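Following full-length UniProt numbering, the residues of the sequence shown are numbered contiguously, the last one being 236.
From the three backbone atoms N, C-alpha and C, an ideal C-beta is built for every residue, glycine too.
It should be emphasised that the depicted structure is a prediction, and the values quoted were computed from it without experimental measurement.
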Amino acid sequence: MKDDYILIVDDELPIREMIHTSLDMAGFQCLQAEDAKQAHQIIVDQRPALILLDWMLPGGISGVDLCRRLKRDDNLSEIPVIMLTARGEEDHKVQGLDAGADDYMTKPFSTRELVSRIKAVLRRANALTGEKTIDANGLILDPVSQRVSFGDNILDMGPTEYRLLAFFMTHPERAYTRAQLLDQVWGGNVYIEDRTIDVHIRRLRKVLEPYGVDRFVQTVRGTGYRFSTRADVALG
């Protein structure tokens, strides 16, 4: 992975050049692609540190489709993605995040804010992609392969649920508010409602439930959620 390379994927050359200039001034090196096919080839060949991905792309493959494809690929899923779009409705933001995007920016945006978001996403990505396997009473998270297993079973979960579980397992025994989880897992500038956190918590618990480890993801009344393997901690 090229540590400082950012891939800009947008079909509008003036936008790519504007972003490229701003990121160059901030110390990043950039690669450019005008559609999903070209972007995917660059991602496979160059493995950038982060992808700025426009929602609307020509050629029949949208940005959100490409994001889903990347997050399903074990070799590419760890590369963080920031979605760029002219759409500002919350349901589109949720769609992008559900596809595995790490953050979301609505055009027009300031390049100063974009640089700040990129740095924040890279910090979070680095914090959640260590190489040490985590074992919580048989629930095993391998950050290298980004797989979660219990016994001989590989748990099938979405990229957002994986990031949520990775954060919980690297920060156990502490209660977090919904706002804190939003900031740590999604990024503080992603404007989605608290209920979205609850939706992903329910999805995560559903994946863990067949193995009896859904109890590790605990509701804390009046606060939010925590991850704990302690049997003496009652659920809220």
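Measure the CB-CB distance between residue i and residue j and report whether it falls below 9 Å.
i    : j    : result
S228 : T111 : no
A175 : V220 : yes
L122 : L50  : yes
R178 : Y211 : no
L84  : W55  : yes
L164 : V185 : yes
G100 : G158 : yes
C30  : L53  : no
Alpha carbon to alpha carbon, how far is residue i from residue j?
i           : j    : result
S62         : R147 : 26 Å
D102        : M169 : 18 Å
A125        : I197 : 19 Å
N137        : D183 : 27 Å
P48         : I19  : 16 Å
K206        : M105 : 30 Å
L97         : R230 : 31 Å
I6          : F109 : 17 Å
L208        : D74  : 20 Å
L235        : I43  : Interpretation of L235 is limited by its pLDDT of 48, a score under 50 that renders its predicted location unreliable; the figure taken from the coordinates is listed afterwards. Rounded to the nearest angstrom, the two C-alpha atoms are 43 Å apart.
K2          : L139 : The predicted model places K2 with a pLDDT of 49, which falls under 50 and marks its position as unreliable, so this point remains unresolved.
Q38         : G59  : 10 Å
P162        : D156 : The question names Pro, but residue 162 in the sequence shown is Tyr. Spanning the two alpha carbons is a distance of roughly 9 Å.
D167        : I134 : Going by the sequence as given, residue 167 is Phe instead of Asp. Taking the straight line from one Cα to the other gives about 11 Å.
T160        : I154 : 17 Å
P172        : E17  : 43 Å
R202        : V213 : 13 Å
H40         : V199 : 30 Å
R215        : K132 : 23 Å
I15         : L57  : 13 Å
F150        : D142 : 11 Å
residue 241 : I8   : Because the chain is modelled from 1 through 236, residue 241 falls outside the range shown and cannot be assessed.
residue 239 : R72  : Any question about residue 239 goes unanswered here, given that the chain covers just 1 to 236.
Between residue i and residue j, how many whole angstroms is the CB-CB distance? I'm expecting something under 8 Å.
i    : j   : result
V64  : Q95 : 6 Å
K107 : A86 : 5 Å
L70  : I82 : Actually they are not in contact, since the Cβ atoms of L70 and I82 sit about 13 Å apart, beyond 8 Å.
Got a sec: does the ligand ADP put a non-hydrogen atom nearer than 8 Å to the Cβ of residue i?
i   : result
L23 : Absent from the structure shown: the ligand ADP. Ligands present: none.
Using only alpha-carbon positions, find the residue among the options that is nearest to residue i.
i   : options                 : result
D35 : A179, N75 and D10       : D10
M25 : L114, H40 and R203      : L114
D45 : G27, L76, I15 and V213  : L76
F28 : L57, R72, S116 and G151 : S116
Can you list, in chain order, the stretches of the beta strand (DSSP E) that have 3 or more residues and sit fully within the UniProt DNA-binding region "OmpR/PhoB-type" (131-229)?
Here the runs fully enclosed are 134-136, 139-142, 147-150, 217-220 and 224-227.
Which ranges does the alpha helix (DSSP H) cover as unbroken runs of at least 4 residues, wholly within the UniProt domain "Response regulatory" (5-122), from first to last along the chain?
Qualifying alpha helix (DSSP H) stretches, in chain order: 13-25, 36-46, 63-72 and 90-98.
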